[in-house]
Amino acid sequence: MTLSILLVVSAALFCIGLLAALSRRHAIFILIGIEMMLAAANLNFIAFWRFGPQPQQPTGVMVAIFAIAIAAAEAAVGLALVIAVYRHYRTTNVDELDQLKG
Amino acid sequence: MNPWIVSNIWLVPAVPFAASLSILFLRNSRRTGAAALAIIGQVVSLALSILAFLLTLQTPGYRAFHNFTWFTFGEHAVRIGWVLDPLAAAMLLMITLVGLCIFIFSIGYMAEDKSFTRFFAYLSFFSAAMLGVVIANSLLLLFVCWELVGLASYLLIGFWIDKPSAAAAAKKAFITTRIGDLGFFLGILWLYGGSGTLLFYDDGRGCLENAGLLALSASATFVALLIFFGSVGKSGQFPLHVWLPDAMEGPTPVSALIHAATMVAAGVFLVARVYPLFSLGAINGVTPSLTVVVWIGVITGLMAAFIALAQSDMKRILAYSTVSQLGLMMVSLGVGGVAAGIMHLLAHGFFKALLFLGSGSVIHGCHHEQDIRKMGGLRRLMPVTFVTYAVGMMTLSGVPLFFSGAWTKEEILHVTAHWPGSHVPHYLMMAGVVLTALYMTRQMIYVFFGNRRVASEQAHESPSVMTRPLIVLAFCTIILSVVLTPAWPWLHDYLSGATPQFDFARLIQPMLFVSFALVAAGIGLGLLMYRNVGSQDRHRTADTDPLEQAQPALFRFLENKMWLDELYAHTVIAFSAFAARVSDWMDRYVWDGFVRGVGRVGQLFGIFTANVDERGINAGVDESVTGTRGLGRLMSMAHSGQVQTYLGAIAIGMLALLLFYAWLA
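Protein chains in written order, with this note's numbering: chain A, 1 to 102; chain B, 103 to 767.
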């Protein structure tokens, strides 16, 4: 188990998340993609902490826990938005939600 | 110090002028007021003139003047003033007295005219202007009054403005005299340039005194001739006499005023006033300018006398007789008989006013008929007019002994006989005397003798307001001869500044018999020629004139005034009409074309700039606007509203940053 493997896994996870966020049309899948990218970031924090110079102090874990908490809040807001959007537009297809078009 | 009247002699013209102004402000219906004002003005003038005249009697050759500065410009001061000498005093007396008679006569003559007040305003103005000419001691002041006389004559000749012939006559009089005035004005300028002063008398510095004459020297001839040109216009001398007969279109009192006391007298008076300019450098009493004066006078005198012979308008005959008499005065002045000329002018003022007012009375009585061929037999119908007219006629003809005109004419013949220049004027003037007697006899026979014709059927004697002035004037005409006889040549010596002496022996001299013979010849010839006129049919106009029967061509030549009007119409007037047409053409096409061309150039420039604006500048602005809009459209395309597109852009940006840092490391 080395740092490199962990970083590759993390990068892969980020890329999958990004791909999902960019390519899926359903708002909930986009949220899922975003969660996956956050998870990749958290994985990086943990990995750099575990193989860093001071693995005794739980700094990386602290950041990851904060990030997960924030992600949870963000997911709650995101899902609430999706519901509000759905109620308003009767759709969750982001391609159709282009009211901000200039 | 000057007596009161000398420094205040300006009151003589000022009073009638003030009267004229106040009459103008009167309403049209205030007839009595208007006439009263005019006559009071004239009476006051007459009284002042008598005062002035009495002053000049004190010393022979009395002369006093009062000069003052009118205004200054730069270093030059324009000085004017008035002068009182025998010449001015005698003229003042004649003008105011004759004027007064004419004013009173006008009350009767113009009684039915609707512009009665205006008429009296103009008459007073005319009289004032003429009095101004007489007292002026400065050529400038004289010229101003001279022009006022011209204006007044224009107003009065054209008094009946609704009559086209009167309007035309007024215009003709004004323009013709203006031609003369142009010469006069040039003369004034030359005189001022030469002598530096326009004052006549100024304690030795005036232009008629030694200093002024010395400064002028040789150019005096030209100055004198130019001034004489003004006289030619005003006094109706050949070739500018054409306005005078036409001036008969005005009311008869106006004709009397113009032809007796004022207007025409101004020209002769002017020559007499500036006589030193004419006689400067005289050799044996002859100078070039005086010679011109003589010959113009001779031509005028004879020509007008001939024309008068063939006229049928009562006033026109008198008009030509005036022209002829003025010619005689000019001859007298030209040959050196200044006093004789002025004496004739004064006497003429009285008897010609008498004749004109007499003719006015006849015309009034014949209901404004002026053709002598339609009159006849008025002797019994208008006795007062007849007697006074006969006095005037005999004075004009020069019947000796009792009539003033005879003595003055004889005096003129006397001075012409002694002119060293030539004897021709003398003989021609003798012929003129015969002609004068002839045409006056003709007129008398036509008007007063024989059977009544068309116009005299209903004739009546004029009211006393018209006949009284006639009587006064006839009386003056006769009484004046007392001071004119060679036995006691009082007026002559008064004018020339000598002391008169009584010498009965001088009364009878050869020239008296000569002039007696001439007048007798003229009247006799007239009686012979026109003896049958009176017996012609009473209900028609008279048959053809005896002269016309004998010499039809000559008669027509004279009747048409020697075709001088036609000659002028075909030369001077045609030329000026042509010049006017050329100017009109130049204005219309050349100058207008030029202006229009400039306008066209401007227009073309406008079209050019419009095109530049439209095609160049506008297009550029349009292009840049399109570009901006395209750019905006391009930019707005990025704003798709697609949240995933934005996200993708962020991702690409992050990737780019990443690669950039990787490259830096």
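Positions of the beta carbon are idealized from the N, C-alpha and C atoms, including for glycine.
Checklist line | According to DSSP, residues forming a beta bridge with residue 180/B | finding: Bridge partners of residue 180/B: 173/B.
Next item on the list: Determine, using beta-carbon pairs with one atom in the region 550-569 of chain B and one in the region 455-464 of chain B, whether at least three such pairs fall under 8 angstroms.
Entry: Verdict: yes, contact present.
Next item on the list: Mind checking who residue 166/B pairs with in its DSSP beta bridge?
Entry: Residue 166/B pairs with 186/B.
Checklist line | alpha helix (DSSP H) segment containing residue 417/B, residue limits | finding: Segment 416-436, the alpha helix (DSSP H) holding residue 417/B.
Item checked: Cutoff 8 angstroms; reference residue 417/B; Cβ partners in own chain excluding five residues on either side -> So the qualifying residues of the chain are 350, 354, 357, 458, 461, 465, 472.
Note to self: On a Cα-Cα basis, can you pick out the residue from 6/A, 15/A, 31/A, 4/A that is closest to residue 745/B?
What the structure shows: Scanning 6/A, 15/A, 31/A, 4/A for the CA closest to the CA of residue 745/B turns up 31/A.
Note to self: For residue 473/B, list the residues DSSP reports as bridge partners.
What the structure shows: Answer by DSSP bridge pairing, in chain order: 415/B.
Note to self: I'd like to know if residue 85/A contacts chain B, where contact means its C-beta is closer than 7 angstroms to some C-beta of that chain.
What the structure shows: Not closer than 7 angstroms to any Cβ of chain B, the Cβ of residue 85/A fails to qualify, so no.
Checklist line | Under the three-state DSSP convention, the category residue 361/B falls into | finding: DSSP, reduced to helix, strand and coil, places residue 361/B within a helical segment of the structure shown.
Checklist line | Closest by C-alpha distance to residue 64/A, when choosing among 96/A, 14/A, 42/A, 2/A | finding: For residue 64/A, the nearest C-alpha among the options comes from 42/A.
Margin query: Under DSSP, the alpha helix (DSSP H) around residue 247/B begins and ends at which residues?
Written below: According to the DSSP assignment, residue 247/B belongs to the alpha helix (DSSP H) that extends over 241-259.
Next item on the list: Note down, in chain order, each residue of its chain lying with its Cβ closer than 6 angstroms to the Cβ of residue 45/A, except the 5 sequence neighbours on either side.
Entry: Result list for residue 45/A: 60, 63, 64, in chain order.
Item checked: the region 691-704 of chain B: positions lying closer than 7 angstroms to chain A by Cβ -> Correct list: empty, as no residue qualifies.
Notebook entry, point to check: Between the region 387-396 of chain B and the region 310-318 of chain B, do at least 3 Cβ pairs fall closer than 8 angstroms?
Noted result: No: the two stretches stay apart, fewer than three of their Cβ pairs being nearer than 8 angstroms.
Checklist line | Interface residues of chain D facing residue 726/B [CB-CB closer than 7 angstroms] | finding: Looking at the structure shown, chain D is missing, and the protein chains on hand are A and B.
Note to self: Which residues in chain A have a C-beta closer than 7 angstroms to the C-beta of residue 759/B? List them in chain order.
What the structure shows: In chain order: nothing, as chain A lies at least about 15 angstroms away.
Checklist line | Backbone secondary structure at residue 723/B - three-state DSSP | finding: The answer is helix: DSSP assigns residue 723/B an H, G or I state.
Notebook entry, point to check: Nearest to residue 77/A by alpha carbon, out of 89/A, 47/A, 27/A, 96/A?
Noted result: For residue 77/A, the nearest C-alpha among the options comes from 27/A.
Notebook entry, point to check: Taking the C-alpha atoms as reference points, what is the distance between residue 218/B and residue 337/B?
Noted result: Computed Cα separation, rounded: 28 angstroms.
Checklist line | Counted within 10 angstroms of its Cβ, other Cβ atoms place residue 579/B as buried (16 or more) or exposed | finding: Per the 10 Å Cβ criterion, buried.
Margin query: Can you pull the chain B neighbours of residue 18/A, defined as C-beta to C-beta under 8 angstroms?
Written below: Against chain B, a Cβ distance below 8 angstroms from residue 18/A picks out 753.
Next item on the list: Would you kindly report the start and end of the unbroken alpha helix (DSSP H) that includes residue 3/A?
Entry: Start and end: 3-23.
Check: Hey, does residue 756/B have any beta-carbon neighbour from chain A nearer than 7 angstroms?
Finding: At a cut-off of 7 angstroms between C-beta atoms, residue 756/B does not count as an interface residue with respect to chain A.
Check: Is the Cβ of residue 10/A closer than 7 angstroms to any Cβ of chain B?
Finding: At least 7 angstroms separates the CB of residue 10/A from every CB of chain B.
Next item on the list: Give the range of the alpha helix (DSSP H) segment to which residue 399/B is assigned.
Entry: Taken as a continuous stretch (DSSP letters only), the alpha helix (DSSP H) holding residue 399/B covers 390-410.
Notebook entry, point to check: What is the DSSP secondary structure of residue 342/B, reduced to helix, strand or coil?
Noted result: In the three-state scheme derived from DSSP, where H, G and I count as helix and E and B as strand, residue 342/B is classed as coil.
Next item on the list: Please classify residue 536/B: is it buried, with 16 or more other beta-carbons within 10 angstroms of its beta-carbon, or exposed?
Entry: With 16 or more Cβ atoms within 10 Å of its Cβ, residue 536/B is classed as buried.
Notebook entry, point to check: By Cβ distance, which residues of its chain are closer than 6 angstroms to residue 203/B, with the 5 residues on each side in sequence left out?
Noted result: Excluding positions up to five away in sequence, the list reads 571, 574, 575.
Next item on the list: Check the Cβ-Cβ distances between residue 77/A and every residue of chain B, and say whether any is below 7 angstroms.
Entry: No - not a single Cβ of chain B is within 7 angstroms of the one on residue 77/A.
Notebook entry, point to check: Under a CB-based cut-off of 7 angstroms, is residue 750/B close to chain A?
Noted result: Answer yes: the Cβ-Cβ gap between residue 750/B and chain A drops below 7 angstroms somewhere.
Notebook entry, point to check: Taking Cβ to Cβ, would you say residue 271/B is nearer than 7 angstroms to residue 259/B?
Noted result: The answer is yes: Cβ separation under 7 angstroms.
Item checked: residue 53/A classed as buried or exposed, judged by whether at least 16 other C-beta atoms fall within 10 angstroms -> Flag for residue 53/A reads exposed.
Note to self: Just checking: is the beta-carbon of residue 81/A within a distance shorter than 7 angstroms of some beta-carbon in chain B?
What the structure shows: Taking Cβ atoms only, chain B never reaches closer than 7 angstroms to residue 81/A, which makes this a no.
Next item on the list: Tell me, please, whether the CB atom of residue 746/B is closer than 7 angstroms to any CB atom in chain A?
Entry: With 7 angstroms as the cut-off, residue 746/B counts as an interface residue toward chain A.
Next item on the list: With a threshold of 16 other CB atoms inside 10 Å of the CB of residue 705/B, please say whether the residue is buried or exposed.
Entry: Label assigned to residue 705/B: exposed.
Notebook entry, point to check: At a cut of 8 angstroms, does the region 436-449 of chain B reach the region 339-350 of chain B through at least three beta carbon pairs?
Noted result: The region 436-449 of chain B is not in contact with the region 339-350 of chain B.
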